[in-house]
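Take the sequence shown: its position 79, counted from the start at 1, is 79 in the numbering used here, and no numbers get skipped. From the three backbone atoms N, C-alpha and C, an ideal C-beta is built for every residue, glycine too. Here the structure is a predicted model, which means the values were calculated and not measured.
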Amino acid sequence: MLRMERNAQEEIKAHLMQTNESFRHLVQQHHDYERQVVQLEAKPDFSPADEIEEHRLKKLKLRIKDEMEALIGHYKAERVS
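So, in structure tokens, the structure goes:
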């Protein structure tokens with residue numbers, strides 16, 4: 001991604017954080033899942049059950065990220081029309 005595109009993407013995210021409750025909620029969920037993954041990976045006795053939970057959390061993070069990207073895409077489409 002070009003630097004200008006990256007800056008525009010960050011501006012859109014900042015705008016959505018201020019104006020879109022759904023986007024804010026998704027960002028918070030994503031951070032919560034990331035925190036849980038980090039805590040899980042830091043365990044000294046990482047069990048097979050922990051590995052399954054880690055995999056589940058990472059899938060949830062990806063789903064949330066996809067939803068965030070969809071909102072960003074929708075916002076971009078609205079700006080163009």
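Handout entry: Proximity below 8 Å, CB of Leu71 to CB of Leu16
Key = yes
Problem - Collapsed DSSP secondary structure at Phe23 in the structure displayed - result: helix
Practice task
Please name the residue in Glu54, Pro44 and Thr19 whose C-alpha comes closest to that of Gln36.
Solution key: Glu54
Handout entry: Cα-Cα separation, Leu60 to Phe46
Key = 20 Å
Problem - Among Ser22, Ala77, Arg3 and Glu11, nearest to Glu67 - alpha-carbon criterion - result: Ser22
Exercise for the section: Please list, in chain order, all residues of the same chain as Lys58 whose beta carbon is under 7 Å from its beta carbon, the five residues on each side excluded. Expected result: Val37
Exercise for the section: Output the distance between the C-alpha atoms of Leu2 and Glu10, rounded to the nearest integer angstrom. Expected result: 12 Å
Practice task
Could you please give the first and the last residue of the uninterrupted alpha helix (DSSP H) stretch that includes Leu60?
Solution key: Pro48 to Val80
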